[in-house]
Amino acid sequence: MAMGLPRTHRQGRLVAAAGPWLAALGAGGLAGLALPPLGAPPLVWLALAILWTLLETAIPRRAAACWGGVAVLLSHRWLLALHPLDWIGVPAPLSLPICWLLLLLCATLAGLLLLVWADLALRLDPRRPGSALVLAAVWGLGEVLLAQGPLFWIGLGASALPGDPPLAALASVGGAGLVAAVQVLIGWGIWRLLCVRPLRFSRRLLQVVLACLLLVGVHALGGVQLAALGARAAAGAGGVAEQVLVVQPAIPTREKFQWQARRRLHRQLQTAFLEAEAQAADLVVLPEGALGLDPELAAPAAVELLSGGFRWQESEGAEPEQRSALLRFPPGAQRHTTALDKARLVPLGEWIPMAQLLRWSGLSAVGGVQPGPPSRLLARPAGNLAAAICYEIADGRSLAQAVAQGGGWLLASANLDPYPLVLQDQFTALARLRAMESARWLVSAANTGPSLLISPAGQIVEQLAPGRPAMQLLRVPVLHGRTAYARWGETPVLLLLLLGLGWRWWERSRESTEASPARLG
Numbered sequence: 000m001a002m003g004l005p006r007t008h009r010q011g012r013l014v015a016a017a018g019p020w021l022a023a024l025g026a027g028g029l030a031g032l033a034l035p036p037l038g039a040p041p042l043v044w045l046a047l048a049i050l051w052t053l054l055e056t057a058i059p060r061r062a063a064a065c066w067g068g069v070a071v072l073l074s075h076r077w078l079l080a081l082h083p084l085d086w087i088g089v090p091a092p093l094s095l096p097i098c099w100l101l102l103l104l105c106a107t108l109a110g111l112l113l114l115v116w117a118d119l120a121l122r123l124d125p126r127r128p129g130s131a132l133v134l135a136a137v138w139g140l141g142e143v144l145l146a147q148g149p150l151f152w153i154g155l156g157a158s159a160l161p162g163d164p165p166l167a168a169l170a171s172v173g174g175a176g177l178v179a180a181v182q183v184l185i186g187w188g189i190w191r192l193l194c195v196r197p198l199r200f201s202r203r204l205l206q207v208v209l210a211c212l213l214l215v216g217v218h219a220l221g222g223v224q225l226a227a228l229g230a231r232a233a234a235g236a237g238g239v240a241e242q243v244l245v246v247q248p249a250i251p252t253r254e255k256f257q258w259q260a261r262r263r264l265h266r267q268l269q270t271a272f273l274e275a276e277a278q279a280a281d282l283v284v285l286p287e288g289a290l291g292l293d294p295e296l297a298a299p300a301a302v303e304l305l306s307g308g309f310r311w312q313e314s315e316g317a318e319p320e321q322r323s324a325l326l327r328f329p330p331g332a333q334r335h336t337t338a339l340d341k342a343r344l345v346p347l348g349e350w351i352p353m354a355q356l357l358r359w360s361g362l363s364a365v366g367g368v369q370p371g372p373p374s375r376l377l378a379r380p381a382g383n384l385a386a387a388i389c390y391e392i393a394d395g396r397s398l399a400q401a402v403a404q405g406g407g408w409l410l411a412s413a414n415l416d417p418y419p420l421v422l423q424d425q426f427t428a429l430a431r432l433r434a435m436e437s438a439r440w441l442v443s444a445a446n447t448g449p450s451l452l453i454s455p456a457g458q459i460v461e462q463l464a465p466g467r468p469a470m471q472l473l474r475v476p477v478l479h480g481r482t483a484y485a486r487w488g489e490t491p492v493l494l495l496l497l498l499g500l501g502w503r504w505w506e507r508s509r510e511s512t513e514a515s516p517a518r519l520g
C-alpha cells in the first residue's frame, strides 16, 4: 500500500509552488502602485527585478502574466469610477459588473502581453546581456505601439514622473519607449547583481561599481537633456508668446446635456470672452466636448475660441459621420471654420468595431462617433499647434510628428469626469512627458482638471484647482526647433534592438566556437 507524503513535505511543496505566484502578485502590485501618481522609479526597478527573477521559476510565463495583470488592475483602478452608468442608459444592476469587466479585460490583455514577452525571454536566454537589450527594446517599442492603439495605457515610459525628472528627460532623445527600455535594463541589472550565484568578492564588487556607474551615467545624460530643455524654456520665455485664457467649467458629465448645465456653460463662456477682452487674450480654450451636440455660439466670439464639441463630417457618396473634435471659431464667428477630429476613440464609450452591422453605437451618450485623420496638427492663422484630445495624450509619437510639422506649442483638451484624482495625476504625468519629448510648452484644458501650463522641462508652471469652475490667463511661448525624438522618433530604441541582436549573435557564435574543440576531442 502506497504511503502519502508526510504532512510537512506536502506543506513544503505547497509553499514552493505558491512562491512564484506570491512573488508575481506582490511585484505586480508594487509596479501598479509605483506608476503615476506616485511615480517612484526605484520601486519600479525592484518590481522589474522580481519579474526577471520569475523567469527562472517553474511557471515563468504564467507568473509574468500574473505580474502584468495585477499591475494594470491597480494602475487602471479609476475605471471603476464610471459606476453608475445610468446616465448613459445602462441599468443599475449591470453598471458595476460592466465597469469591473472593462478593468478585467485591460488586466487580461496586459497579462497576455507579458506572457508573450516572457516566452520570448525564455527563447533568448534572459541571463545574456544581448538578450536583455533585445527584451528591453521590445518592451519599449511595445509601449509605443500600445499608445497608438484603442486603449489607454499607463506604462513604464510615464513612470519616471514625478519622481525622476532626469530619467524622464531621456524622452527628448528616444521618447517614452527609450525611458521604458532603460528601466527594464536597470531591473535586469539589479536581478543579475542580487540573484546570480555567489562570485568572488572582487568580481562582485566590480559588478556593483559598474552597475552604479551605468545608473549614474544614464541619469547624467538625462540631466544634460533636462538642462537643455530648461534652457529652451528660458530662451522662449522672452520671445513670441500667445495669451491663452483657459476655462475649466467643472460641469459633471452626467449633467452636461441638461438645459441648466448648458445655461451655466453659456454664462461661463460669455464671462470668459469679457475677461479675454479685458486682459487682451489671444485665445480662449474650452475642454473636450464642452459645446455638446450643437456647437453654435449664442453670440459671435469676441476672440478666437478653441473648444471641444461634436460635428458632422459629410462625404460624397457616404453617410454623414459624427465626430468628436476640437473646433476653432475665429473672432466674430458663431460657427466653427476648422476642426481637428479626435482620432483615438474610447472603445465602447464612443465607438465599437462594426457598429453599423451590430446596430449599436456603444455606451456613448452622444450616440457613437467615428475617428478622424491621425494627424494632430491644427492649422491656425496665428500659428499652428499640436493637439491631443482626451487620452490621445498617451501617444507621444503623433504629437512629436505634429511638432515636426510646425506645431509651436501643445494643447491637451480633455473631460476626465467622472474619473477620480488618480487619473488626473496620471494625465498630468503624461502631459509633462509630452512636453519634454517635443521641447514645447503645453496647455491642458480639462473639464474638472488638470488644467495647467507645463514648461518644456516638464515643470508645472500654473495649475487651476481641480473640480471647481475656474479660468486663468496663461502666457504660452511659441517655440521652434526639434528635439532628437521629434526628428528621429524611435530610432534610438531600434538601434538598441539591433545592438542586442548583434550581441546575441556574437555570444552564440563564440559559444559554438568554444564547443567545437570539445566535440572533436
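Numbering (numbering that gives the first Met the number 0), first residue to last: 0 to 520.
A virtual CB, placed ideally from N, CA and C, is assigned to each residue, including glycine.
| Counting pairs of beta carbons, one from the segment 482-494 and one from the segment 462-473, are three or more of them closer than 8 angstroms? | no
Fill in: Extent of the continuous beta strand (DSSP E) run through Asp340
Against the sequence shown, residue 340 aligns to sequence position 341. Run containing Asp340: Thr337 to Asp340, per the beta strand (DSSP E) assignment.
- Cβ contact check for the segment 404-417 and the segment 294-304: 3 or more pairs under 8 angstroms: no
Coarse secondary structure for Trp51, derived from DSSP in three states:
By 1-based counting over the sequence shown, the position of residue 51 is 52. Residue state, collapsed to three classes: helix.
Ala378 to Leu384 span [Cα, whole Å]:
Translated into the one-based positions of the sequence shown, residue 378 becomes position 379. Translated into the one-based positions of the sequence shown, residue 384 becomes position 385. If I take the Cα positions, the gap works out to 7 angstroms.
### Query
Curious, which full-length alpha helix (DSSP H) runs of at least 4 residues does the segment 54-96 contain?
For the segment 54-96, whole alpha helix (DSSP H) runs of length 4 or above, ordered along the chain, are 59-74.
- request: Take Val421 and list the residues in its own chain whose beta-carbon comes closer than 8 angstroms to its own, dropping the five residues that flank it on each side.
  value: Sequence index remark: in the sequence shown, residue 421 carries index 422 (1-based). The residues are Pro36, Arg76 and Trp77.
* To do: Tell me whether Pro294 is buried or exposed, calling it buried when 16 or more other Cβ atoms sit within 10 Å of its Cβ.
  => Here residue 294 refers to the residue found at position 295 of the sequence shown. So Pro294 counts as buried.
Cβ shell of His160 (< 8 angstroms), same chain only, five flanking positions each side left out
Locating residue 160 in the sequence shown gives position 161, counting from the first residue. Before going further, note that residue 160 is Leu rather than His in the sequence given. Apart from the 5 residues on each side of it in sequence, Leu160 sits with its Cβ closer than 8 angstroms to the Cβ of Pro35, Gly38, Ala167, Ala428, Arg431, Leu432 and Gly457 in its chain, given in chain order.
Mind listing, in chain order, the continuous alpha helix (DSSP H) runs of no fewer than 4 residues lying wholly within the segment 161-202? Look at the segment 161-202 and you find these whole runs of alpha helix (DSSP H), each 4 residues long or longer: 164-167 and 170-194.
*asked:* Quick check on DSSP: helix, strand or coil for Leu472?
replied: Position 473 of the sequence shown, counted from the start, is the residue given in the question as residue 472. The answer is strand: DSSP assigns Leu472 an E or B state.
Of the choices Thr337, Asn446, Leu441 and Ser74, whose alpha-carbon is the least far from that of Val475? For the purposes of this step, residue 475 is taken as residue 476 along the sequence shown, with counting starting at 1. The shortest C-alpha separation from Val475 is found at Leu441.
Query raised in the report: Using the beta-carbon count (16 or more within 10 Å), is Asp118 buried or exposed?
Result: Reading the sequence shown from its first residue, position 119 is the one you call residue 118. Classification for Asp118: exposed.
- Separation of Leu134 from Trp116, as counted between CA atoms: Walking along the sequence shown from the start, residue 116 turns up at place 117. Walking along the sequence shown from the start, residue 134 turns up at place 135. Distance between the alpha carbons of Trp116 and Leu134: 8 angstroms.
From Ala236, Ile58, Trp99 and Arg253, residue whose alpha carbon lies closest to that of Leu121
Counting from one through the sequence shown, the residue named residue 121 turns up at place 122. Per the Cα distances, Ile58.
Among the residues of its own chain, which have a CB less than 6 angstroms from the CB of Ala170, if the five just before and after it don't count? Mapped onto the sequence shown, residue 170 falls at position 171. Hits under 6 angstroms: Val178, Leu432, Met435 and Glu436.
What do you reckon, are the CB atoms on Ala80 and Tyr418 nearer than 7 angstroms? As a working mapping, residue 80 is identified with position 81 in the sequence shown. As a working mapping, residue 418 is identified with position 419 in the sequence shown. Against a cut-off of 7 angstroms, the Cβ pair of Tyr418 and Ala80 comes out as a contact.
Checklist entry - How do the segment 92-111 and the segment 62-76 stand: do at least 3 beta-carbon pairs fall below 8 angstroms, yes or no? => result Touching, yes, given that three or more Cβ pairs across the two stretches are closer than 8 angstroms.
Fill in: Where the beta strand (DSSP E) through Val460 begins and ends
In the sequence shown, the residue the question calls residue 460 occupies position 461. According to the DSSP assignment, Val460 belongs to the beta strand (DSSP E) that extends over Ile459 to Gln462.
Report task. Let me know if Leu452 comes out buried or exposed under the rule of 16 or more other beta-carbons within 10 Å of its beta-carbon. Result -> Here the question's residue 452 lines up with position 453 in the sequence shown. With 16 or more Cβ atoms within 10 Å of its Cβ, Leu452 is classed as buried.
Using only alpha-carbon positions, find the residue among Leu296, Ala233 and Ala280 that is nearest to Arg262. The residue given as residue 262 occupies position 263 in the sequence shown. It is Leu296.
- Message: If you reduce the DSSP assignment to three classes, tell me which class Gly154 lands in.
- Response: Taking the sequence shown and counting its residues from 1, the one referred to as residue 154 is at position 155. Residue state, collapsed to three classes: coil.
Next on the checklist: For Gln267, count the other beta carbons within 10 Å of its own beta carbon; 16 or more makes it buried, fewer makes it exposed. Which is it?
Outcome noted: Here residue 267 refers to the residue found at position 268 of the sequence shown. Counting Cβ neighbours within 10 Å, Gln267 comes out buried, since at least 16 surround it.
Using only the alpha-carbon positions, how far apart do Cys194 and Leu123 sit? Against the sequence shown, residue 194 aligns to sequence position 195. Against the sequence shown, residue 123 aligns to sequence position 124. So the two alpha carbons sit approximately 19 angstroms from each other.
**Report entry** Contact under 7 angstroms by Cβ, Pro455 with Ala444
**Finding:** For this step, residue 455 is matched to residue 456 along the sequence shown. For this step, residue 444 is matched to residue 445 along the sequence shown. Cβ atoms of Pro455 and Ala444: not closer than 7 angstroms.
Legend entry - Exposure of Gln425, with buried meaning 16 or more beta-carbon neighbours within 10 Å: The sequence position of residue 425 within the sequence shown is 426, counting from 1. Answer is buried; the Cβ neighbour count reaches 16.
Check your understanding: Roughly how many whole angstroms lie between the Cα atoms of Gly307 and Ser158?
Key -> As a working mapping, residue 307 is identified with position 308 in the sequence shown. As a working mapping, residue 158 is identified with position 159 in the sequence shown. Those two C-alpha atoms are separated by around 29 angstroms.
Would you please state the rounded distance, in angstroms, between the beta carbons of Leu47 and Gln182? I believe it to be under 8 angstroms.
Along the sequence shown, one-based indexing puts residue 47 at 48. Along the sequence shown, one-based indexing puts residue 182 at 183. Rounded, the Cβ-Cβ distance is 7 angstroms, consistent with contact.
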